[in-house]
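Following: one structure in structure tokens, then a few remarks.
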Ligand SMILES: [Zn+2]
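Chains as they are written, first to last, in the numbering used here: chain A, 1 to 344; chain B, 345 to 1153.
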């Protein structure tokens, strides 16, 4: 019997070794270990054995059963692994094929510029103030030291609706309105973005509708140097730490003194090139100390309070920053344009 | 304003500084430089030549063979093709080695076998614009008609060595519209001396007052009028130096009389006018406001109709000039004029401005009058002009100018302390530095302790208040020298308001849901302004606000919806082969609710327009065009994002939208906007495929406070799902059924969602099957089967009685 069991073991191990699929393996399991399997069959003859032989054969049979079981399990695992490998191989995709596009839109470049400036100034304690686009002559001009008949009104040829109502030509009326609300008490720290309108024929550098963003800071003891420092912060924020600014005299009826701020040309680093008309400087914004008439008209004591204001065109900033050549791109909403600026 | 540096040098020393440096310095301290024109030609090879002989070229009919003395007895043979060359002329010779404008190099050459050692030049060849060239020399070479010598350098004679600076003078600095004004500016900048022109005049015994009498009828419009008579002069060509000055400033020389008045205009900034006395028609000047409908023939040949707010210069009867704007043709100075009536006046800036505007004439004179002149220098300017006229025209200036009105001027006196200036500027400028600046500016001032009192000179009309002095001090101290500081004050919180934050969130959401932020024009056409108007705007019963004087019909009316312009943007894109486009715009519409002529309300609305493929992933078989439910889904997501309850979409109809694919959006029963497909005929108008739009009152949405805020604990008890399908009439809105289910399924029905709709085969005609997924939930325990059954029964019974709905299988 011993020999019989040994040969079953050898035969079983041999067959298991050769198995290629799990079905055959299952058959072998039944064939050797099943209720009617070969080992069971052999053990049926145990009754004929002596008392001494029985435990020996019994133990041997168990050992052989264990060995076959282990071989079967091992083989089972090997086969499963192979099957999995096969499946994975079949499931391979061409990872270079395009992914399914997500529907993602984006923000408008002008609004990016405006939000960026808003964020800079709200971080410095300013509030964002807004006002109507259809303005009264009073707020658009008179409250800003531009009485009727003032020659500088020509600088901002406007779209009138009635004699007293017009499309605002700048965001400055928001300053006047906000100061009024403060009833003569400072500080007033606001940043005012918005759409403005002028009688210009649309071309590469003019648009009858465009945007502006202005800042105003009115308090006791506001100095020209504060304006300079604030503008310096703004310029570096927008165009990089290595830019310099300069102020030079200009004229706006609502500020005195009035200045224009230039920023050192990035293209040539201030050495002069065609972009900066060989001056090394690029004109960026207008600013000044709030004219005492403007303060007084808005209910502020101009002896006690002073302030600075500055205003710029997001279009111009965007054009300078990105080398955009035509202002009309901001208003055609060409997706080929819009798509370029939605990245963070 | 063009400023010749050669001219400027006569009054202030700028020899030590390059033109480029000068331009930069002036820009930084005073007036912005627009452009610098470097000298067109400076060359030792450009000399005066004397034509000693001029014969026809032996081998060419149209060429001349000239012998030209080019100085030091050197005779050059030059072939010249000009018709007007002749012996005995002084001409400009470009000798071999000269380089003319345009890079044209002069070499010794042979022309038809005759050697030519240089070129006799026309003014065009020397880079002078044809518009400045007298007719005599337009088609030929230039010939000097004043005394010059062979061999003399030609460039300075023709002012070709002049650098010219173009300034962009701001409206407040009218003083800089003159060479003298610029000289004051430069002198202040560099702390240099200034040399004023000589304005002495030799007067004849005979008096101007024997010839003319002046009356001002309206002293407000014409505070001062002076008339001077110059007799026995000859109208002729101006000398070269005078022509050069005018050309450098961009003014064409005409004759000595006109040129002198223009010269003084440029030098002093004081416009003058010369009448032909003999053709003036009387011996009295009366300045008055014009009569309505009065006419005058101006110098440009135009007949102009006047009105009562135009100031005119008359001979007592007829107008002979529109004051400060343009003279009349009748008394224009011309060849043969011998007696001049020279006008030197001060006119009210506003009056001139109005007149200039009404007649569409912006002359060199009107520009200066309307900005304000130095009234105290009118007579000085006239005096210099009179002297020049007499000396250049060989005439005599009659005894003193005849005057009416007054040149008196009340100066502005401004006091300030050193401390307050330092406090406002933020730079530690000493009292001494400040007084030094006053000296440089040539302002009269007094110092008392640390108080400076300044008397502003009349030439600086912009100096009126303390802040104007602040500017003078700051700019001459140098803006570059002011430190960078930030305001010292309490730290304010600042930041965005809740509404502004929510607005930004709306942008973020819309962009994340696939739309591009757009900006269209608020001003649109009258037709577009009437379209795609949401019922909530329509019911305000307003017409689009209209511009009084639009520049074009394209932008004449203010929009009541952004949708029409967004559709135009889609059309623009599609025309450029961009077929799949989704745009939104968040901006104002303008509703004049208080009636015509009142300031309109500006309501922020959200509009969108989407066309083409919404999903585009062809290789996996996904290509879906935008449809109604894409836009509805974006809006539903937005309402959810803003935590807004009480929204209902209702079948509706709006002009320009597809009648079967339009929903009105209601918030708590009030319409706030619409969503739908653009009507196929309108799509076609715009060359668009299926296109969907919405327009919603965003202000109304943002006004709703977030009602869903607050944390709701997550229950550990299971939710129970139930699916119910009903067969109903096709016309029954699914949302209505869902609403009914939600109501009848209480108290534990948490949500109802339509997950399938079926009509067609296997379905009775006119019927559809709608399947709902119901979720029941109790926060504190597991629901029992009985509770679910109860709710289910209530729902089924209600729908059956209310909608004739049959529960499916
Ligand atoms: Zn540059």
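Ideal placement from N, C-alpha and C gives every residue a C-beta, glycine not left out.
Distance cut-off 8 Å: residue i Cβ against heavy atoms of ligand 1
i                       : result
residue 398 of chain B  : no
residue 244 of chain A  : no
residue 282 of chain A  : yes
residue 272 of chain A  : yes
residue 766 of chain B  : no
residue 267 of chain A  : yes
residue 380 of chain B  : no
residue 377 of chain B  : no
residue 424 of chain B  : no
residue 933 of chain B  : no
residue 410 of chain B  : no
residue 1172 of chain B : With chain B running from 345 to 1153 in the structure shown, residue 1172 of chain B is simply not present.
residue 276 of chain A  : yes
Nearest-angstrom Cα separation, counted from residue j out to residue i
i                       : j                       : result
residue 1006 of chain B : residue 88 of chain A   : 49 Å
residue 1056 of chain B : residue 1123 of chain B : 10 Å
residue 1149 of chain B : residue 1084 of chain B : 12 Å
residue 28 of chain A   : residue 93 of chain A   : 37 Å
residue 639 of chain B  : residue 794 of chain B  : 59 Å
residue 303 of chain A  : residue 475 of chain B  : 55 Å
residue 581 of chain B  : residue 760 of chain B  : 53 Å
residue 1098 of chain B : residue 172 of chain A  : 53 Å
residue 883 of chain B  : residue 953 of chain B  : 23 Å
residue 1105 of chain B : residue 83 of chain A   : 45 Å
residue 143 of chain A  : residue 242 of chain A  : 38 Å
residue 510 of chain B  : residue 359 of chain B  : 19 Å
residue 614 of chain B  : residue 661 of chain B  : 27 Å
residue 350 of chain B  : residue 784 of chain B  : 22 Å
residue 245 of chain A  : residue 281 of chain A  : 8 Å
residue 1088 of chain B : residue 834 of chain B  : 59 Å
residue 39 of chain A   : residue 61 of chain A   : 7 Å
residue 224 of chain A  : residue 287 of chain A  : 10 Å
Supposed contact pair residue j and residue i - C-beta distance, whole angstroms, cut 8 Å
i                       : j                       : result
residue 291 of chain A  : residue 256 of chain A  : 5 Å
residue 602 of chain B  : residue 677 of chain B  : 6 Å
residue 821 of chain B  : residue 926 of chain B  : Not quite, the Cβ-Cβ distance comes to about 56 Å (not below 8 Å), so this is no contact.
residue 917 of chain B  : residue 960 of chain B  : Residue 917 of chain B to residue 960 of chain B, Cβ: 15 Å. No contact.
residue 567 of chain B  : residue 481 of chain B  : Wrong, their Cβ atoms sit about 43 Å apart, outside the cutoff.
residue 1039 of chain B : residue 1018 of chain B : 6 Å
residue 296 of chain B  : residue 685 of chain B  : Lying outside 345 to 1153, the shown extent of chain B, residue 296 of chain B is not represented and no answer is given.
residue 1081 of chain B : residue 1114 of chain B : 6 Å
Nearest candidate by alpha-carbon position, reference residue i, set the options
i                       : options                         : result
residue 824 of chain B  : A:333, A:247 and A:303          : A:247
residue 863 of chain B  : A:83, A:111, A:171 and A:79     : A:111
residue 557 of chain B  : B:625, B:545, B:424 and B:699   : B:625
residue 1059 of chain B : B:1089, B:450, B:642 and B:1094 : B:1094
residue 796 of chain B  : B:805, B:777, B:803 and B:804   : B:777
residue 745 of chain B  : B:735, B:722, B:926 and B:767   : B:722
residue 320 of chain A  : A:330, A:331 and A:275          : A:275
residue 730 of chain B  : B:713, B:577, B:847 and B:921   : B:577
residue 446 of chain B  : B:436, B:468, B:428 and B:464   : B:468
residue 368 of chain B  : A:337, A:118 and A:279          : A:279
residue 850 of chain B  : B:949, B:767, B:819 and B:651   : B:949
residue 808 of chain B  : B:754, B:583, B:766 and B:781   : B:754
Near ligand 3: residue i beta-carbon under 8 Å from a heavy atom
i                      : result
residue 456 of chain B : No copy of ligand 3 occurs in the structure displayed; its ligands are ligand 1 alone.
- Is there contact here, the segment 498-513 of chain B with the segment 378-398 of chain B, by at least three beta-carbon pairs under 8 Å? Three or more beta-carbon pairs separated by less than 8 Å link the segment 498-513 of chain B to the segment 378-398 of chain B, which places the two stretches in contact.
- Is it true that the segment 185-202 of chain A meets the segment 109-126 of chain A, where meeting means three or more beta-carbon pairs spaced less than 8 Å apart? Cβ pair count under 8 Å is three or more, so yes.
- Task: Report yes or no: do the segment 963-974 of chain B and the segment 191-204 of chain A share at least 3 C-beta pairs separated by less than 8 Å?
- Result: Output reads no: the segment 191-204 of chain A does not touch the segment 963-974 of chain B.
- Task: For the segment 212-228 of chain A and the segment 306-318 of chain A, state whether three or more C-beta atom pairs, one from each stretch, are separated by less than 8 Å.
- Result: As far as the Cβ criterion goes, the segment 212-228 of chain A touches the segment 306-318 of chain A, which means the pair count is three or higher.
- Are the segment 691-702 of chain B and the segment 647-658 of chain B touching, with three or more C-beta to C-beta distances below 8 Å? A contact exists between the segment 691-702 of chain B and the segment 647-658 of chain B.
- Could you tell me whether the segment 874-883 of chain B touches the segment 836-855 of chain B, where touching means 3 or more Cβ pairs closer than 8 Å? Segments in contact, no.
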